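Protein chains in written order, with our numbering: chain A, 1346 to 1606; chain B, 8 to 992.
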């Protein structure tokens, strides 16, 4: 079987592209990193790709707001490409900055070009960038990236990851359609109902939301970094705990690859 | 003229009513902390000024779709001056605007402009602004608030009340006019005045040398020629003091150095390389922009640490920002360009709790300095996608007017890309950011002492960085490197093009066409272009055949590349502006014409002042001392800082800066895998202890090396593969005793490095770190403590053998490695008990250290060690407590089992607990490995004693020499003492 091919999209300020590419390759995909300028000039570069990945970083410096400028550029120039991925049984994943971008393109939650966005990712409640590991509870019934995953332990590293909805009812709607793919939680119960205070909920997200999938389950955006936990030695306590060789984050990339097998 | 159509629009963006106003909360908190005003009530907005021929609809669309976030923000849009912009949203009447000064880097505005243009909206200029609605304040607190909290005068302007601005455009027309400086007619006094007023900061002898050079040529220099010489001869670029002639005298003995650095630090490396022979693993040292050593078959590894002290004193955010940005360009400009893989940052500040009314004039509050510096490093490092994995913060009141900011970067370089060599005919190419008026005279300014006036004299030297420009430059440069498109590269640092082109063309010759340089705005003179230190620029030598491919590659990623001139085989530096020649200097004069600096240095050894035993007996309880040391600023947890740095980007994190059962204990050194397909690791650590320097700089330097190496060894680094860097930050070295203390430290570096066979591979110094101000009509000067940072880069063959410092399991044995001596001098025991200055400063025996490190590595790599922590500030007591609370376990230690060489009459629990003797480790070993572990040391004659064990008690307990409990504190209490001092919001 041919390896599924991944297009890792980079832009000025993208900085998790190489390790994300490595994670996909470790999971069995073939990958290519392509600059946004090249793709705008020649969208057919994406024709062979089955998985579109928007990796982490600070696209355009996160100037104005995180992911804002890249999202605008994609809306302006690559709308068709995104729709094509969504309608032709392909996958899209946005990690950290990639999630911030995806949410603003309307590909995760439909909107009318920003004006009536249903939800956003904005400044952490702590008011600052933070790098820390968090426990996550997964809703795997819709999202293909999370198949077989119930809980995870992954690092977050961001300043603007607080998920805020315009209407509180949106959380219920998304929850009942299994689109709240990943939520911050407290071990050992991994419960997401009730209080998940800081720092377990590292940014103060409404509903403790850490990741969101679209209604097809084939588009996933998440703030945590699965590519930063693909090896045992990535775990912050690997020197004191018994752990399998592969990190928990690798499963997300493997699920994406297995979707095409 | 078309200008009539141009209007200036303002978009104000407020947090929506449902959202908290975090910025207001922060400003109110800082205003209270800095003693400006309590319980300040205010509302904030961020905003944009947009200039261009824009319709109201266009501005509204931009505001809603691009600039604001409709879910959490609301906008107010109007033309500048419109009353709706001056209507208070919260009933507060006092309006304050803060705007970047014209010409100051405004990255958000730059990006916004491009994004707006991408929407086909004809905006011509953008600037950001901050807006504050305040409760009514008297003019005095209002001024203080603006000055200390809201704005920094060196980069921002404050407008109180409505904004009356018509245009944003900066710059002006430039009319070429060649300036010559009649140096030949000046007497000595005139030469000195020219040096000072022209901000050349050259000595009289240097000015005389320049004068006679031009007398021989029979003409006067142009301004740009004079500037070129000043830049090249600056302390910053040529290290003329330490690389100069020094007559050193100590204890009646005299040394004569022709080149002090070369005969100490550099000589150590030469000797080590000779000793190693075929096993020499240095590749390039003290030569390129960073030192290079071998790593694996495919890659070498490079390391550089720089300081950015003076800019950080004036504008902490920008200074630190451009400090890290600058040092990243060093590996990038080493060989044909190394890929940066991690950062290390070390800072020295005054106590952040200093009372605001105790500050001398012209000094920023240390809390503000610290917050600014941390944010500056955070924003640049994180945006570059380079993990900041190691660091330290040191506090001492003597850093009040002159904080220290050390920034370091490690990169990996393909083994076949280490050599660079521009060829005649190569284009001189500039890539990256544009040239502006920023950073003029940074190189020469760093030679000067800071005064309370510095801000107004040198404001032009202060800059803000734009990390994304540098990230784009990095991406494109490494691609071009792999495609072999250029012959040489170097960074534009201090001195700008002047230094970069001057260095690259030193052996060849260069002709530069200054009018071709892309500038941020009009009006720059040819000299300003030449010496501007605008950030994020690099200079390359591109063969004409490759230009097309190179330029296309740059263009495809939006990076500007410009041909500035050509390398020519003339041995001369020729500068032109249009058709006009503005400079013609011999490269030889520029690089070798500087008269040697000759300085005197003296050092007087102070006999150790014994610790007053009566003070010891009246000291507080040992539990209390332990708690105080854990809560002292130097030892206290730096988690607030560490978490703001992305330490895991690039995916190679192995040992993080914070370790343990709750991910919050103090790791000894960081470990990263620079190649994701390999388990070979890099280990980054550092050592520094200015308090020891107050007693003896020799032992400070030796201890610094010991600490840096010991930190690396403690996590598993191979001591035979550790390279180190020196960064001397000293006071005014024209004073023989100040220079003497530096020479003494450098001699220790030689003595210790050669025995450990730990080579110095690069270094940098920063002199004249003093701050002076007038008080009561008298000049007061604060000199920093002599501060030597040793940064260490180790290697580990397989990262899976690494260990951390947190206790792992109850029942495991605790072993103390190394000899404990009567060494409380410079210790934290003395510091927290007001006895600093007393006692014997820790010494180190490099032969014992070499053996100890090798034995420890055998034990760790053999899998015999569950956890390992080095002993440093606070000695055995602090190391035990840290291991216990990091592991969430109790620990018991019996002081009667500690091996020591303390004389009977000096022996006491205090010295065993708190002495800071070098080359010691505390290790946790499982019972069944205890014998094998002990054998690793016994066979080398290294003291190794089982002194206690880990347990489930939840307490740290010590049994005294008398067999009684002398410390018994809960780990929860100790941890809280350690975490609370710097647990900022």
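For every residue, glycine included, the Cβ atom is placed at its ideal position computed from N, Cα and C.
In this text, all values refer to a predicted model and were calculated from it rather than measured experimentally.
Assuming the contact rule is C-beta atoms closer than 8 Å, residue 295 of chain B and residue 341 of chain B should be a hit. Round their C-beta distance to whole Å, please.
Right, their Cβ atoms sit about 5 Å apart.
Could you please tell me which residues of the stretch 650-661 of chain B, in chain order, have their CB closer than 9 Å to any CB of chain A?
Within the stretch 650-661 of chain B, the qualifying residues are 650, 651, 652, 653, 654, 655, 656, 657, 658, 659, 660, 661.
Quick one: what does DSSP say residue 849 of chain B is sitting in, helix, strand or coil?
Coil at residue 849 of chain B, not helix or strand.
Please classify residue 501 of chain B as buried or exposed, where buried requires at least 16 other C-beta atoms within 10 Å of its C-beta.
Classification of residue 501 of chain B: buried, given that the 10 Å Cβ count is 16 or more.
May I ask which residues mark the beginning and end of the beta strand (DSSP E) holding residue 220 of chain B?
Where residue 220 of chain B is concerned, there is no enclosing beta strand (DSSP E), although the alpha helix (DSSP H) it sits in stretches over 211-224.
Tell me the residue span of the beta strand (DSSP E) that contains residue 1476 of chain A.
Residue 1476 of chain A -> beta strand (DSSP E) spans 1475-1483.
Please find out if some non-hydrogen atom of the ligand PLP comes closer than 7 Å to the beta-carbon of residue 869 of chain B.
For the structure depicted, the ligand PLP is absent and the ligand set is empty, with no information on it obtainable.
Closer than 8 Å, CB to CB, is residue 1451 of chain A near chain B or not?
No - not a single Cβ of chain B is within 8 Å of the one on residue 1451 of chain A.
Is residue 1491 of chain A closer than 8 Å to residue 1626 of chain A when the C-beta atoms are compared?
No information on residue 1626 of chain A is available, as it lies outside the stretch 1346 to 1606 that chain A covers here.
Best match in B/671, B/523, B/667 for proximity to residue 645 of chain B [C-alpha to C-alpha]:
The candidate whose alpha carbon is nearest that of residue 645 of chain B is B/671.
Could you give the C-beta distance for residue 220 of chain B and residue 596 of chain B, rounded to a whole number, given that I count them as a contact under 8 Å?
In this structure residue 220 of chain B touches residue 596 of chain B by the C-beta definition: roughly 6 Å separates them, less than 8 Å.
With 8 Å set as the bound, which would you pick, yes or no: does the beta-carbon of residue 1468 of chain A sit closer than that to a beta-carbon of chain B?
Taking a beta-carbon distance threshold of 8 Å, residue 1468 of chain A counts as an interface residue toward chain B.
Whole-angstrom Cβ separation of residue 1412 of chain A and residue 1404 of chain A, contact assumed at under 8 Å?
6 Å between Cβ atoms; contact.
Let me make sure I understand the geometry here. Which of B/276, B/277, B/249 has the alpha-carbon closest to that of residue 264 of chain B?
The alpha carbon of residue 264 of chain B has as its nearest neighbour, out of B/276, B/277, B/249, the alpha carbon of B/249.
In this structure, what does DSSP give as the bridge partners for residue 695 of chain B?
For residue 695 of chain B, no pairing in a beta bridge is given by DSSP.
Rounded to whole angstroms, what is the Cα-Cα separation between residue 50 of chain B and residue 523 of chain B?
Approximately 46 Å, taken between the alpha carbons.
Chain A contacts from the stretch 803-828 of chain B (Cβ-Cβ distance under 8 Å):
So the list reads 806, 807, 809, 810, 811, 813, 815, given in the order they occur along the chain.
What does residue 416 of chain B reach in chain A if we use C-beta pairs closer than 9 Å?
Here the premise fails: no neighbours, minimum Cβ distance about 15 Å.
Tell me which residue opens and which closes the beta strand (DSSP E) that residue 962 of chain B is part of.
Counting along the chain, the beta strand (DSSP E) containing residue 962 of chain B begins and ends at 962-966.
Cβ neighbours of residue 793 of chain B in the same chain (closer than 6 Å, five flanking residues each side left out):
The beta carbon of residue 793 of chain B sits closer than 6 Å to those of 700, 704, 737, 748, all from its chain and outside the five residues before and after it, given in chain order.
Please give the ranges of any beta strand (DSSP E) in the stretch 671-751 of chain B, keeping only runs that are unbroken, at least 3 residues long and fully inside the region.
DSSP runs (the beta strand (DSSP E)) wholly in the stretch 671-751 of chain B: 677-679, 688-694, 730-736.
Interface partners of residue 1383 of chain A on chain B, CB under 8 Å:
Taking a Cβ-Cβ threshold of 8 Å, the residues of chain B close to residue 1383 of chain A are 563, in chain order.
Starting from the C-beta of residue 120 of chain B, find all residues in its chain whose C-beta is less than 8 Å away, skip the five residues before and the five after it, and write them out in chain order.
Beyond the five residues adjoining it in sequence on each side, residue 120 of chain B comes within less than 8 Å, by CB distance, of 130, 132, 133 in the same chain, given in chain order.
What did DSSP end up calling residue 311 of chain B once you bin it into helix, strand or coil?
DSSP places residue 311 of chain B in strand when its eight states are reduced to three.
Alpha-carbon to alpha-carbon, residue 669 of chain B and residue 1498 of chain A:
Our two residues, residue 1498 of chain A and residue 669 of chain B, have alpha carbons roughly 14 Å apart in a direct line.
Run of the beta strand (DSSP E) containing residue 647 of chain B, from where it starts to where it stops:
From DSSP, residue 647 of chain B is part of no beta strand (DSSP E) but of the alpha helix (DSSP H) over 646-649.
Please name the residues in the stretch 1473-1499 of chain A whose beta-carbon is closer than 9 Å to at least one beta-carbon of chain B, in chain order.
Residues 1473, 1474, 1475, 1476, 1477, 1478.
Going along chain B in order, which residues have a C-beta closer than 7 Å to the C-beta of residue 1408 of chain A?
The contacting residues are 114, 115, 118, 119.
Should residue 1576 of chain A be labelled buried (16 or more other beta-carbon atoms within 10 Å of its own) or exposed?
Flag for residue 1576 of chain A reads buried.
Could you work out which residue in B/850, B/385, B/815, B/789 is closest to residue 406 of chain B when comparing CA atoms only?
Between residue 406 of chain B and the set B/850, B/385, B/815, B/789, the nearest pair of CA atoms involves B/789.
Taking a contact to mean a Cβ-Cβ separation below 8 Å, would you say residue 66 of chain B touches residue 13 of chain B in this structure?
Taking the C-beta atoms as reference points, residue 13 of chain B is found no nearer than 8 Å to residue 66 of chain B.
Interface residues of chain B facing residue 1548 of chain A [CB-CB closer than 9 Å]
For a Cβ distance threshold of 9 Å, nothing in chain B lies close to residue 1548 of chain A: the least Cβ distance comes to about 12 Å.
Could you compute how far the alpha carbon of residue 90 of chain B sits from the alpha carbon of residue 209 of chain B?
For residue 90 of chain B and residue 209 of chain B, the distance between alpha carbons rounds to 54 Å.
Close Cβ partners of residue 462 of chain B (< 6 Å) along its chain, the five nearest in sequence each way excluded:
For residue 462 of chain B, the predicted structure reports a pLDDT of 49, less than 50, and the residue's modelled location is therefore unreliable. A value from the coordinates is still provided. These residues qualify, in order along the chain: 161, 321.
From residue 826 of chain B to residue 836 of chain B, what does the alpha carbon distance come to, in whole angstroms?
Answer to the nearest angstrom: the Cα atoms are 18 Å apart.
The stretch 571-591 of chain B touching the stretch 427-439 of chain B, judged by at least three CB pairs closer than 8 Å:
Contact holds: three or more Cβ-Cβ distances are below 8 Å.
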